[in-house]
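Protein chains in written order, with UniProt numbering: chain A, 1 to 275; chain B, 1 to 275. The beta-carbon is built from N, C-alpha and C at its ideal position, and this holds for glycine as well. A quick note: this is a predicted structure, and the numbers were derived from the prediction, not measured.
Protein chains: 2
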Amino acid sequence: MRFAFLGPAGTYGEQATRQLAELEGVANPELVPQLGIRAVVQALAQGTCDAAVVPVENSVEGGVTACLDALWEHPDLSVARALVLPIRHALLGSGPITGVSEVLSHPQALAQCSQWLSEHLPQALQLPTSSTAEAARMVAGSRFRAAIASQQAGTEHGLLELAYPINDVAGNCTRFLLLRRGPRSSQGPMASLAFSLHSNQPGALLEALGCFAQRGLNMGRIESRPSKREMGEYIFFVDLELPNGSTPLEAALAELAPLCEHLALFGAYPVTNLA
Amino acid sequence: MRFAFLGPAGTYGEQATRQLAELEGVANPELVPQLGIRAVVQALAQGTCDAAVVPVENSVEGGVTACLDALWEHPDLSVARALVLPIRHALLGSGPITGVSEVLSHPQALAQCSQWLSEHLPQALQLPTSSTAEAARMVAGSRFRAAIASQQAGTEHGLLELAYPINDVAGNCTRFLLLRRGPRSSQGPMASLAFSLHSNQPGALLEALGCFAQRGLNMGRIESRPSKREMGEYIFFVDLELPNGSTPLEAALAELAPLCEHLALFGAYPVTNLA
Numbered sequence: 001m002r003f004a005f006l007g008p009a010g011t012y013g014e015q016a017t018r019q020l021a022e023l024e025g026v027a028n029p030e031l032v033p034q035l036g037i038r039a040v041v042q043a044l045a046q047g048t049c050d051a052a053v054v055p056v057e058n059s060v061e062g063g064v065t066a067c068l069d070a071l072w073e074h075p076d077l078s079v080a081r082a083l084v085l086p087i088r089h090a091l092l093g094s095g096p097i098t099g100v101s102e103v104l105s106h107p108q109a110l111a112q113c114s115q116w117l118s119e120h121l122p123q124a125l126q127l128p129t130s131s132t133a134e135a136a137r138m139v140a141g142s143r144f145r146a147a148i149a150s151q152q153a154g155t156e157h158g159l160l161e162l163a164y165p166i167n168d169v170a171g172n173c174t175r176f177l178l179l180r181r182g183p184r185s186s187q188g189p190m191a192s193l194a195f196s197l198h199s200n201q202p203g204a205l206l207e208a209l210g211c212f213a214q215r216g217l218n219m220g221r222i223e224s225r226p227s228k229r230e231m232g233e234y235i236f237f238v239d240l241e242l243p244n245g246s247t248p249l250e251a252a253l254a255e256l257a258p259l260c261e262h263l264a265l266f267g268a269y270p271v272t273n274l275a
Numbered sequence: 001m002r003f004a005f006l007g008p009a010g011t012y013g014e015q016a017t018r019q020l021a022e023l024e025g026v027a028n029p030e031l032v033p034q035l036g037i038r039a040v041v042q043a044l045a046q047g048t049c050d051a052a053v054v055p056v057e058n059s060v061e062g063g064v065t066a067c068l069d070a071l072w073e074h075p076d077l078s079v080a081r082a083l084v085l086p087i088r089h090a091l092l093g094s095g096p097i098t099g100v101s102e103v104l105s106h107p108q109a110l111a112q113c114s115q116w117l118s119e120h121l122p123q124a125l126q127l128p129t130s131s132t133a134e135a136a137r138m139v140a141g142s143r144f145r146a147a148i149a150s151q152q153a154g155t156e157h158g159l160l161e162l163a164y165p166i167n168d169v170a171g172n173c174t175r176f177l178l179l180r181r182g183p184r185s186s187q188g189p190m191a192s193l194a195f196s197l198h199s200n201q202p203g204a205l206l207e208a209l210g211c212f213a214q215r216g217l218n219m220g221r222i223e224s225r226p227s228k229r230e231m232g233e234y235i236f237f238v239d240l241e242l243p244n245g246s247t248p249l250e251a252a253l254a255e256l257a258p259l260c261e262h263l264a265l266f267g268a269y270p271v272t273n274l275a
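Okay, structure coming up:
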């Protein structure tokens, strides 16, 4: 079974993909790194891969909003599973930290550690790379270069852990979704869906959300994004908890549908939280 | 007057800062580039700058969620103004496109142009930089290197526009906020606020949003983010349109307050849309 993910190998996206494959009971997954979220989704939609793993919230290496847009545009894809992965950066190298004069990483990871770097390595030059994994690969063998990446990336490239964790904000997590081709399920403890409304009047969203609240369905998350067609037109992305099975969800969707210009259930699925 | 922004010079963040300074009537703004969103906010909070410009939605160079968190944590800061800036990438260089063998840019900008690059420069090596502006600076003088950056960055570094626009998705925009120190206003056509609720029960958010809907206040945007204290606890960030002045907002906030563990108005302010 082939899994597309936001590459290269050794990123947090790969970690998430391995975990998700294991949760799916796939013994020997083939991991196929892609350049950019659009390519990850295309690989699944066009059938060159059997599953795709995409970050959907708070990712180090970008691409979050692109995932929601892709689900909106590809009704043939469904959410099969979610994983919350803790993101803890390590400083990785081959010599003592006192000898480090260059720190390499993805710009977002450098930014997430900027306070730590200014306190502990104020003189070190910060060099951008296309991913955290690429940084770990590039510093292997050097005594004056260090990388910011995951502990796993350090193990893969035989690097020492010079400091850990070094993120300025503790408790950083990224949520990843496992996407598959095929029908969207309404069976599972969590459901993701999106809708755009006929009316942008005050109270229209309230009426829509009432469909969920009346059936005791709690919203885990709500987010609005401008639709690409017109300014001021919004698509709402909602996660719902389904403690009592699929019947309340189906009833809520039936009531919601007439209020919507477009309504899409992306799937109901299990969530694993490693944080 | 000193404006902190997410540097270096020549990024989309600088463009936004120049526009916002002009809209504020500041003739000779001093632009102070910072490394990372936290540093931008700190520069304002600690008084080394008089204003800060932060991306709040869909930014090329990252840091979006950090901005909402900063406003939540710094009650001494307020939103003074918003700007919607179109993000259109150009391919910039010094020789013909046929001679380009390396393309430099921020990884997020490279990803946003990945389809265009695979069609027009499939053989070119993609090299990451810490920002789009840094890419433009680094390719100046080379005939085989090109940068992906804004047209302005090309002008600053005397580069030719080899192709424009080259983003895979047209209509890409980033919203920036101008932050100031001092009291938060409730006078303006748009207001931003955030709240966390006493109860995470179904219907609690609905009751909260009802405070706005009953007064005809339309939501331009709603987003939820996990509070850092406990899983399943959320902070809701809401933008409201205020077509009828501040009175309906103040009434809505008075009704909302008892439902909230914490409620913060970030300010009411004018919005300029350049898209």
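Asked	Found
Stretch-stretch touch, CB-based, cutoff 8 Å, three pairs: the segment 69-87 of chain A with the segment 261-272 of chain A	yes
Sequence-distant residues of the same chain with beta carbon closer than 8 Å to B:R143, five excluded per side	G93, S94, G95 and G99
Three-state secondary structure assigned by DSSP to A:C49	coil
Which of helix, strand or coil DSSP assigns to B:G93	strand
Cutoff 7 Å; reference A:E102; Cβ partners in own chain excluding five residues on either side	A124, L125, L127, F144 and R145
Coarse secondary structure for B:D76, derived from DSSP in three states	coil
Chain B contact residues for A:S114, given Cβ-Cβ distances below 8 Å	L35, G36, R38 and A39
Under the three-state DSSP convention, the category A:Y164 falls into	coil
Residue-chain proximity (residue 277 of chain A, chain B), Cβ-Cβ < 8 Å	Residue 277 of chain A is absent from the model: chain A starts at 1 and stops at 275.
Coil, strand or helix - A:C211 by DSSP	helix
Backbone secondary structure at A:A204 - three-state DSSP	helix
Chain B contacts from the segment 215-229 of chain A (Cβ-Cβ distance under 7 Å)	G216, L217, N218, M219, R221, I222, E223, S224 and K228
Chain A residues whose Cβ lies nearer than 7 Å to that of B:A133	Here the premise fails: no neighbours, minimum Cβ distance about 12 Å.
Where A:L206 meets chain B, residues with beta-carbon distance less than 7 Å	L206, L209, G210 and A213
Under 9 Å from the C-beta of B:H106: neighbouring residues of chain A	P107 and P128
Residue burial classification, A:N167 (beta-carbon count within 10 angstroms, cutoff 16)	buried
Which residues DSSP lists as bridging B:P33, in chain order	B:F5
Span of the beta strand (DSSP E) around B:E223	M219 to P226
C-beta atoms of A:L104 and A:S186 nearer than 8 Å	no
Partner residues on chain A for B:Q201, Cβ-Cβ distance less than 8 Å	N218
Beta-carbon separation (whole angstroms), A:L31 vs A:E57, contact threshold 8 Å	That pair is no contact at about 22 Å.
Residue from B:P189, B:T17 and B:L20 with nearest C-alpha to B:T247	B:P189
Nearest residue (CA-CA) to B:M219, options B:E207, B:A45, B:F237 and B:E233	B:F237
Any chain A beta carbon closer than 8 Å to B:A80	no
CB of B:G10 within 8 Å of CB of B:L35, strictly	no
Nearest-angstrom Cα separation, counted from A:A52 out to A:P29	12 Å
Whether B:L206 touches A:L206 by CB criterion (8 Å)	yes
Rounded C-alpha distance that separates B:T17 from A:T132	30 Å
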